[in-house]
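Below is one structure; the comments refer to it alone.
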């Protein structure tokens with residue numbers, strides 16, 4: 001482990017790193033649709049919804065003249081296309097709104113809350129997620145995530161991995177990049193943070209994509225901390 | 001009490017409303033200086049420091065070409081002038097930094113933490129303060145303030161009472177103004193929030209300025225809730 005003694009704040013990727021979006025959404029959609037008699041391949045829809053995520057942010061990135069759009073709006077737009085594609089009929093505007101907010105009702109991995117609670121005793125802890133502020137706030141209340149503050153790409157009008165998001169987080173914390181550590185289950189997120197001068201910590205979440213997991217089984221960069229999970233990270237960081 | 005049934009989030013003024021800045025700073029400065037043999041009229045200095053607060057923000061407001069400055073920087077600038085004025089000698093750069101961060105070490109009023117803890121069970125709770133994000137984050141850890149998120153004028157590059165700060169908070173929360181309630185011990189803060197369409201709640205903090213308190217002894221506007229303190233507010237809002 002390299003020297004991380006200057007680190008004062010830990011900032012976390014959320015989708016996949018802190019919460020299990022795939023299982024949560026499949027269960028949420030299934031439980032909602034069953035009593036309504038609405039049948040669909042919800043697992044396939046969730047996987048397709050997640051596949052639309054990066055292209056939808058790329059669209060914002062490549063068309064700055066259209067202005068920044070919150071992730072809730074991108075999720076809604078993608079869902080509308082998928083409902084059409086999957087031939088799901090009869091959903092009202094309120095239904096689509098409720099389903100979109102499924103991304104606010106994601107369950108933490110089992111080590112997330114105990115690990116964050118320990119890490120919070122020594123560090124400022126915050127998300128740095130592409131989820132919008134309201135999404136992250138509602139998710140924290142839903143899952144009991146003990147954040148000190150909520151930081152989102154929305155605050156910087158730049159989705160990760162744009163450097164403005166990592167450097168904007170350091171500026172809000174009034175810390176230098178080497179005093180801030182990015183925590184993620186995704187090597188590309190850490191690579192972008194490291195290029196901005198932040199410290200980095202990897203945790204594997206090898207079931208994030210279920211049977212479709214194709215990468216991020218292990219650390220593949222020179223990260224400052226590699227931990228088994230958040231409890232192990234707390235131990236390694238002296239909490 | 002008017003209809004506040006649509007309110008989903010409470011946003012709080014902090015200096016004076018949640019924390020007792022005057023007593024905290026006088027005690028902080030006195031305790032720091034005594035073992036160092038540095039003598040000064042710390043009470044007068046704190047009162048003068050607070051008097052410099054509004055003019056320093058006005059300066060930012062009236063000179064947008066200079067860019068937005070965090071409150072920590074304004075506090076430091078004001079302190080440097082006051083140290084000179086009060087004839088205090090021998091302070092190092094580190095000393096001035098430590099004293100400026102006294103604004104991060106303010107104690108909550110005794111009802112603040114129990115009241116906020118109750119309010120948090122039903123509402124999203126956040127500061128909306130002119131204090132910068134790092135100041136508010138450190139203060140929350142210092143005093144045990146259980147915020148769901150941290151919102152600051154810094155996020156909007158507009159100090160209160162500019163409307164951009166109140167409306168920016170609603171936008172981040174993905175809520176309409178009538179779904180958000182501003183809580184303050186200052187009638188002028190509530191007046192500005194109400195003009196933006198927010199709901200309002202007043203709590204008196206009649207010792208905030210010590211012997212210099214000249215206003216805000218009571219509600220003097222048509223506020224939606226007037227409470228004795230945060231515990232009473234929780235009761236009135238059904239928590």
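Protein chains in written order, with the UniProt record's numbering: chain B, 1 to 239; chain Y, 1 to 239.
Here a beta-carbon is modelled for each residue, glycine too, at the ideal position from N, C-alpha and C.
Self-check item: Interface flag, residue 38 of chain Y vs chain B, CB-CB below 8 angstroms
Solution: The residue you call residue 38 of chain Y lines up with position 38 of the second chain. By this cut-off, residue 38 of chain Y is not an interface position.
Self-check item: Validate contact between the region 52-68 of chain B and the region 143-163 of chain B using beta carbons, cut 8 angstroms, 3 pairs
Solution: yes
Quiz prompt | Coarse secondary structure for residue 31 of chain Y, derived from DSSP in three states | solution = Locating residue 31 of chain Y in the second chain gives position 31, counting from the first residue. Reduced to three states, the DSSP call for residue 31 of chain Y is helix.
Quiz item: residue 250 of chain Y versus chain B: which residues are under 8 angstroms apart at the beta carbon?
Solution: Since the first residue of chain Y shown is 1 and the last is 239, residue 250 of chain Y is not available in this structure.
Practice problem: Kindly provide the ranges of any alpha helix (DSSP H) runs that are 4 or more residues long and lie completely inside the region 103-172 of chain B, ordered along the chain. | Solution: Under the rule that a run must span 4 or more residues, the alpha helix (DSSP H) segments found entirely inside the region 103-172 of chain B read 112-120, 133-143 and 153-156.
Exercise. Taking residue 134 of chain Y as the query, report the chain B residues whose CB atoms sit under 8 angstroms from its CB, ordered along the chain.
Key: Residue mapping note: residue 134 of chain Y aligns to position 134 of the second chain, counting from 1. Those within 8 angstroms of residue 134 of chain Y in chain B are 172, 173, 174 and 175.
Self-check item: Nearest residue (CA-CA) to residue 99 of chain B, options B/114, B/107 and B/80
Solution: For this step, residue 99 of chain B is matched to residue 99 along the first chain. The option with the nearest alpha carbon to residue 99 of chain B is B/80.
Quiz prompt | Proximity of residue 126 of chain Y and residue 101 of chain Y at Cβ, strictly below 8 angstroms | solution = The residue labelled residue 126 of chain Y in the question sits at position 126 within the second chain. The residue labelled residue 101 of chain Y in the question sits at position 101 within the second chain. Taking C-beta atoms as the reference points, residue 126 of chain Y and residue 101 of chain Y fail to come closer than 8 angstroms.
Self-check item: Contact set for residue 197 of chain B: own chain, Cβ-Cβ below 7 angstroms, skip 5 residues either direction
Solution: Locating residue 197 of chain B in the first chain gives position 197, where the first residue counts as 1. Cβ within range, chain order: 177 and 178.
Exercise. Return the CA-CA distance between residue 46 of chain Y and residue 36 of chain Y, expressed in angstroms with no decimal places.
Key: What you label residue 46 of chain Y is simply residue 46 of the second chain in a count that begins at 1. What you label residue 36 of chain Y is simply residue 36 of the second chain in a count that begins at 1. Straight-line Cα distance between these residues: approximately 19 angstroms.
Quiz item: When we look at the beta-carbon of residue 238 of chain B and count the other beta-carbons within 10 Å, is it buried (16 or more) or exposed?
Solution: Counting from one through the first chain, the residue named residue 238 of chain B turns up at place 238. It counts as exposed.
Quiz item: How is residue 201 of chain Y classed by DSSP in three states: helix, strand or coil?
Solution: Position 201 of the second chain holds residue 201 of chain Y. Strand.
Quiz prompt | Cβ neighbours of residue 117 of chain B in the same chain (closer than 8 angstroms, five flanking residues each side left out) | solution = Along the first chain, read from residue 1 onward, the residue named residue 117 of chain B stands at position 117. Excluding residues within five positions, the ones whose Cβ falls inside 8 angstroms are 146.
Exercise. Report back the beta-carbon spacing between residue 224 of chain Y and residue 199 of chain Y to the nearest angstrom; my notes put them in contact at under 8 angstroms.
Key: Taking the first residue of the second chain as 1, we reach residue 224 of chain Y at position 224. Taking the first residue of the second chain as 1, we reach residue 199 of chain Y at position 199. That pair is a contact at about 5 angstroms.
Quiz item: Just the Cα atoms here: how many angstroms apart are residue 52 of chain B and residue 82 of chain B?
Solution: Looking up residue 52 of chain B in the first chain gives position 52. Looking up residue 82 of chain B in the first chain gives position 82. Cα-Cα distance, rounded: 9 angstroms.
Practice problem: Count the other CB atoms, across all protein chains shown, that sit within 10 Å of the CB of residue 92 of chain B; report buried if there are 16 or more and exposed otherwise. | Solution: Within the first chain, the letter at position 92 stands for residue 92 of chain B. Counting Cβ neighbours within 10 Å, residue 92 of chain B comes out exposed, since fewer than 16 surround it.
Quiz item: How would you call residue 217 of chain B, buried or exposed, if buried means at least 16 neighbouring beta carbons within 10 angstroms?
Solution: Mapped onto the first chain, residue 217 of chain B falls at position 217. Counting Cβ neighbours within 10 Å, residue 217 of chain B comes out exposed, since fewer than 16 surround it.
Quiz item: The beta strand (DSSP E) spanning residue 10 of chain B covers which residue range?
Solution: Position 10 of the first chain holds residue 10 of chain B. Boundaries of the beta strand (DSSP E) around residue 10 of chain B: 9-12.
Quiz item: To the nearest angstrom, how far is it from the Cα of residue 160 of chain Y to the Cα of residue 18 of chain Y?
Solution: Here residue 160 of chain Y is taken as the residue at index 160 of the second chain, counted from 1. Here residue 18 of chain Y is taken as the residue at index 18 of the second chain, counted from 1. One C-alpha to the other measures close to 16 angstroms.
Self-check item: Local Cβ density within 10 Å of residue 137 of chain B, reported as buried at 16 or more and exposed below that
Solution: Here residue 137 of chain B refers to the residue found at position 137 of the first chain. The residue is buried, with at least 16 neighbouring Cβ atoms inside 10 Å.
Quiz item: So, does the CB of residue 100 of chain Y fall closer than 8 angstroms to a CB anywhere in chain B?
Solution: Start at 1 with the first residue of the second chain, and residue 100 of chain Y comes out as number 100. Not an interface residue.
Self-check item: Partners in chain Y for residue 155 of chain B, counting only beta-carbon separations shorter than 7 angstroms
Solution: If you number the first chain from 1, residue 155 of chain B lands on position 155. Those are 155, listed as they occur along chain Y.
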